[in-house]
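Structure first, commentary second.
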Amino acid sequence: RHLRAHAALADACQVPEVHVAPNGTLLRLAPGPAMVIDEVFAGKLALDGKRLIPLGSGVIRERHNMMQNGAAVVTLALDRDGEMQADPQITTHGVFDKLADPAIADRLIEAVYDAIEDMPARARRSDDAIREAVRIGLRRCLRTLCGKRPKTEIHLVRV
2 RHLRAHAALA DACQVPEVHV APNGTLLRLA PGPAMVIDEV FAGKLALDGK
52 RLIPLGSGVI RERHNMMQNG AAVVTLALDR DGEMQADPQI TTHGVFDKLA
102 DPAIADRLIE AVYDAIEDMP ARARRSDDAI REAVRIGLRR CLRTLCGKRP
152 KTEIHLVRV
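Position in the sequence shown counted from 1, then plus 1, gives you the working numbering.
Here it is in structure tokens:
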């Protein structure tokens with residue numbers, strides 16, 4: 002609306018050439034007549050370290066999600082048949098207090114074992130299938146116990 006009002010004011014003041022250029026329109030003013038030459042990014046930016054990034058970018062959304070729900074990282078050591086070679090290592094940030102709630106940490110380890118044991122033997126040979134099963138099992142457990150849906154990463158090492 003304000004662009005059209007400015008254009009009407011320019012017409013009333015007898016400006017010889019009037020253009021209404023929406024946000025993101027790159028308008029060449031000289032030499033010669035004014036004309037649209039390109040479209041550019043228009044929107045809010047955030048300072049991310051030393052970079053300017055769009056406020057609605059995936060980085061900002063992911064960071065906001067982690068602020069609300071925390072993060073969990075699981076490291077698994079499996080043989081080629083998908084058998085656990087050591088207890089899973091689980092690290093959480095902003096999900097629960099391990100010192101105040103040690104039973105939750107134990108339950109998470111059980112959830113990882115359950116997720117792998119419930120898989121068919123053939124599926125245990127697929128790294129992607131194991132990662133997805135453990136990710137889903139861990140998130141389900143954390144949602145039940147803590148009411149959180151953390152960003153979850155699974156690191157899998159075949160030994």
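C-beta atoms are modelled at their ideal positions from N, C-alpha and C, and glycine is treated no differently.
Cβ-based burial, residue i [other Cβ within 10 Å; buried from 16]
{"i": "Arg81", "result": "exposed"}
{"i": "Leu143", "result": "buried"}
{"i": "Phe97", "result": "buried"}
{"i": "Val37", "result": "exposed"}
{"i": "Thr93", "result": "buried"}
{"i": "Ala73", "result": "buried"}
Option nearest residue i by Cα separation, candidates the options
{"i": "Arg140", "options": "Asp98, Ile91, Asp129", "result": "Ile91"}
{"i": "Lys149", "options": "Ala22, Val158, Gly71, Ala8", "result": "Gly71"}
{"i": "Ala31", "options": "Val41, Glu18, Leu10", "result": "Glu18"}
{"i": "Ile110", "options": "Ala122, Asp119, Asp88", "result": "Asp88"}
{"i": "Ala78", "options": "Glu63, His65, Arg126", "result": "Arg126"}
Distance between beta carbons of residue j and residue i, contact taken as under 8 Å
{"i": "Arg29", "j": "Ala35", "result": "6 Å"}
{"i": "Arg137", "j": "Val75", "result": "It should be noted that the sequence gives Ile, not Arg, for residue 137. Wrong, their Cβ atoms sit about 12 Å apart, outside the cutoff."}
{"i": "Ile41", "j": "Leu53", "result": "It should be pointed out that residue 41 corresponds to Val in this sequence rather than to Ile. Actually they do not touch by this definition, with Cβ atoms about 14 Å apart."}
Range of the contiguous alpha helix (DSSP H) that encloses residue i
{"i": "Val135", "result": "128 to 147"}
{"i": "Leu10", "result": "3 to 13"}
Beta strand (DSSP E) segment containing residue i, residue limits
{"i": "Asp102", "result": "That residue, Asp102, is in no beta strand (DSSP E); it is neither H nor E in DSSP."}
{"i": "Arg52", "result": "52 to 55"}
{"i": "Glu84", "result": "Unbroken run through Glu84: none, as it is neither H nor E."}
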